[in-house]
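Only one structure is covered here, and it is reproduced in the block below.
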Amino acid sequence: MAFSSPISGSLGSLAPGGLRSIEAGPEPLTPARSGQGRARAGSVDAQGQPRGVDSVELSSESRRLAQTTPARDELVRSVRAAIESDTYVTQDKIDIAAERLLADLTR
Numbered sequence: 011m012a013f014s015s016p017i018s019g020s021l022g023s024l025a026p027g028g029l030r031s032i033e034a035g036p037e038p039l040t041p042a043r044s045g046q047g048r049a050r051a052g053s054v055d056a057q058g059q060p061r062g063v064d065s066v067e068l069s070s071e072s073r074r075l076a077q078t079t080p081a082r083d084e085l086v087r088s089v090r091a092a093i094e095s096d097t098y099v100t101q102d103k104i105d106i107a108a109e110r111l112l113a114d115l116t117r
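Here this note's numbering is used: the sequence shown runs in plain steps of one and ends on residue 117.
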């Protein structure tokens with residue numbers, strides 16, 4: 011089946027021939043006010059009814075966890091470096107993972 015006109019959506023369009031263009035890119039995330047979300051203008055479901063609105067509420071605990079300590083940052087850098095240098099996975103770690111998996115499966 012051939013396309014006679016471009017297909018467009020919220021992230022861009024698919025032109026005839028399969029070339030994808032993105033006019034504006036995704037919308038940035040913005041904090042929602044309590045109990046309110048944002049709906050994209052003209053957003054409807056398959057039956058033509060207006061869609062509901064999504065919202066996210068972040069707890070104070072999630073905000074606290076988002077703040078990392080310098081020690082945690084160093085650990086993350088160390089693990090990333092080990093993964094990149096292909097030295098993170100060791101036989102000891104594989105053995106421990108296998109033992110824990112077996113223990114979980116036999117409970």
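C-beta: ideal position from N, C-alpha, C; glycine also.
Since this is a predicted model, take the numbers as computed values, not measurements.
Run through DSSP, which three-state label would residue i get?
{"i": "residue 105", "result": "helix"}
{"i": "residue 66", "result": "coil"}
{"i": "residue 54", "result": "strand"}
One question on the structure: do residue i and residue j come within less than 9 Å of each other, judged by their Cβ atoms?
{"i": "residue 54", "j": "residue 60", "result": "yes"}
{"i": "residue 86", "j": "residue 98", "result": "no"}
I want to check one thing, is the minimum distance from the CB of residue i to the heavy atoms of the ligand GDP below 8 Å?
{"i": "residue 108", "result": "With respect to the ligand GDP, the structure offers nothing, as it holds no ligand at all."}
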